[in-house]
Each structure stands twice: as structure tokens, then as C-alpha cells.
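Numbering (this note's numbering), first residue to last: 6 to 357.
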């Protein structure tokens, strides 16, 4: 099964809330389809609009729309972008295409996806700036600052509503820990800090719920296993086209949590990559936040971490800053202009 009965029950435990959340999924790979299939099973989702950036998902959307649940899946080509996103509450920005992750180098990954992210972000800022935007397109350490900076330059940036996902890493490390200790991963929760790619991600193994007395050897083993997960997958099968199934499930779990918060459910906490001042001299950072009706409601402080985690966080901060500088250099070379200078001073201020 793509998702356990326990997890699906938790996602659907919303009988007192109205199913009025509309989701837009932008992308051209099968991750978009797997995400939509999971979301279609949830009572609090009303419609799922899939915006196909590669004109290759129409058959899959028709197939998924035949699943006998109340949520509706609708298909849109990129030419119908404005109509597709105009009434959405949550926008999920995913990869343009399923692809092998042949490198862990974020700069190489960014060079392959930057123009796509730039073009979509410019469309979004013009059509639905009040929605909550969740960036899943890799490397999120770079793509979230890219989207954020484009919104800022156009005078429409709200840092509480433009967030990056580390969902697949969180899901992976909890599954890995469950396998290592022979526990049910559905009952394990491991906070994530750092950035949002294998070179910057730092799971706080020693702060995990349901795990006790973690040795340094087990901590290092799990962290190394997480950081090499993509490359390990590449080596298992020559025809492998990326972790689309696990990415779809983890994406749906995060979108569902955001939707629950929008409908009034409280005390929803998750690890999110976001504009934050929790770390000195680091503008973007992953840490736990509380979600609410306006996106990120509260940014939670870092817990006490192990010596290994502290060392990795220090390395991650340098890497995150380097990637953010690379993003700004890219945008400066693109000469993106602010089109609405009347609201620049008012809405571009950082909301700490």
C-alpha cells in the first residue's frame, strides 16, 4: 500500500471540518499523479487541479478521476494556467519531469530546473499571490529562495505562505529508523533541521519520539543512510526514473497537514524549510513550525542537539548561504523587474 491505514485514518480524522480546500499541483511527472491519488482519498479536499507542464499526464488524470471518492481531480494544460490556479488555497510546485537523481550536487540540480521554477513563479505571483505555496521541486534548498525572491521583487512575498518541503527526507528517515529498530514508522517522529537537500539536511535522531537511548553509531548510520538515499536508489535499477511514488506520498502528507490547518485544526507541527531568523546569518532554514490558517503560525526554537548534529548544522549553514547567493546571482543576471512598485515598500518587508 502507498500509505498505511493508520496514516490514512490520521489524515482523514477531520469529520468536523468542511471539505472545502482546493489544491493546485504544478508539474509534469508522475509524482503529481501519486500526490493527487492520495489527496483524493481525503475528506477535507474538495478539488485537485493538475497543471501539466509537459503535456503528458492527461490519461493518468482521467484514470485517477475514476476513483470513487468525493474529491474531484481536474486536468489543465499550461495554457490554462490562470484558470487552474485562480481559486486554489494551496499550490504545490513540483518537478517539471520525472528524472534520475544522478548527482547530489545542488548547483547542478538547480541549473537544470532554475528556468522552469522562475517562469512558474512569475506566473503565480500574477495570478494567486494569496495562496499557500509549497515548493517540492528539487533542490528545495535553492528553489524555495528562488520563488521567495521572485515574489519579493514583485512585491507579493509573505514568508509564512511560501514554504519548502523536506517531507520525503522526514518520511525516509522515520522509515529507516523503524527498519533499524524493528518499530512501526507510523509512530516515529524525527525532527528535521538544516537545509532541504542531501548536503544540508540534518535529522535530529536523538530528539526522535518513540526512540530511546540512540547510540552515536546508530545516529551516524541513519544520517549517512539518509544522505545517500537518492544515489543508492539510482544504483538499484538502470530503468529507475526517480522516487516518484515515495515523493507523492510524502507530498500528500504535507499538503494534507496544511489543508487541515486551513480548515481550523490546531496543534499541527511539522519540519519546514522556510525564511527564518532562528539561525544567525542564515536567511533560510529547516526547523519545526506550527501551521495555522495563515500558513506558518509559529516558528519553534531548536531543541538541544547532539554533537554530531551540531557539527552538521554548522556545515549546512555555510552550504545554505552559498546556495542562496547562487540564486541571487542567477536572478540578477536575469534582470527581473518589479512590476508593482506601489506595493514594494509595504509588502516586501520580511515578516519574521
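Idealized CB from N, CA, C, for every residue including glycine.
Does the beta-carbon distance from residue i to residue j come in below 9 Å?
i, j, result
"residue 69", "residue 99", "no"
"residue 291", "residue 152", "no"
"residue 40", "residue 260", "yes"
"residue 232", "residue 210", "no"
"residue 76", "residue 47", "yes"
"residue 178", "residue 313", "no"
"residue 114", "residue 144", "yes"
"residue 254", "residue 176", "yes"
"residue 122", "residue 264", "no"
"residue 166", "residue 294", "no"
"residue 139", "residue 212", "no"
"residue 262", "residue 305", "no"
"residue 34", "residue 247", "yes"
"residue 154", "residue 333", "yes"
If you run the structure through DSSP and keep just helix, strand and coil, what is residue i?
i, result
"residue 102", "coil"
"residue 32", "strand"
"residue 143", "coil"
"residue 355", "Since pLDDT at residue 355 reaches only 27, below the 50 mark, its modelled position is unreliable, and the value read off the structure follows with that caveat. Of the three classes helix, strand and coil, the one that applies to residue 355 here is coil, per DSSP."
"residue 80", "strand"
"residue 64", "helix"
"residue 167", "strand"
"residue 265", "helix"
"residue 337", "helix"
"residue 71", "coil"
"residue 286", "coil"
"residue 25", "coil"
"residue 250", "helix"
"residue 42", "helix"
"residue 325", "helix"
"residue 320", "helix"
"residue 191", "helix"
"residue 245", "coil"
"residue 213", "coil"
"residue 136", "coil"
Over what stretch of residues does the alpha helix (DSSP H) that includes residue i continue unbroken?
i, result
"residue 121", "111 to 132"
"residue 371", "The question about residue 371 has no answer, for the chain in this structure spans 6 to 357."
"residue 90", "86 to 90"
Need the endpoints of the beta strand (DSSP E) that residue i sits in, please.
i, result
"residue 303", "300 to 304"
"residue 293", "289 to 297"
"residue 52", "50 to 57"
"residue 278", "273 to 280"
"residue 208", "206 to 208"
"residue 178", "No beta strand (DSSP E) holds residue 178; the alpha helix (DSSP H) holding it covers 172 to 186."
"residue 198", "197 to 199"
What is the C-beta distance between residue i and residue j, in whole angstroms, given that I count them as a contact (C-beta under 8 Å)?
i, j, result
"residue 168", "residue 277", "5 Å"
"residue 58", "residue 249", "Contact flag wrong, Cβ pair sits at about 15 Å."
"residue 273", "residue 266", "5 Å"
"residue 257", "residue 83", "About 22 Å; that fails the 8 Å criterion."
"residue 86", "residue 56", "6 Å"
"residue 65", "residue 38", "5 Å"
"residue 321", "residue 200", "5 Å"
"residue 317", "residue 283", "Not really, about 16 Å apart at Cβ, beyond 8 Å."
"residue 214", "residue 193", "7 Å"
Comparing alpha-carbon positions, which option in the options lies nearest residue i?
i, options, result
"residue 170", "338, 86, 147, 314", "147"
"residue 235", "110, 80, 332, 101", "110"
"residue 230", "252, 204, 253, 216", "204"
"residue 93", "137, 116, 117, 75", "137"
"residue 80", "129, 28, 120, 43", "28"
"residue 337", "158, 222, 50, 104", "158"
"residue 96", "123, 133, 83, 211", "133"
"residue 330", "318, 31, 288", "288"
"residue 183", "219, 202, 280", "219"
"residue 78", "297, 26, 189, 103", "26"
"residue 315", "224, 173, 264, 301", "224"
"residue 191", "180, 200, 201, 185", "180"
"residue 31", "155, 129, 239", "129"
"residue 189", "216, 165, 212, 172", "216"
"residue 323", "296, 293, 285", "285"
"residue 252", "104, 296, 240", "104"
"residue 163", "325, 173, 281, 241", "281"
"residue 54", "156, 173, 91", "91"
"residue 135", "339, 120, 156", "156"
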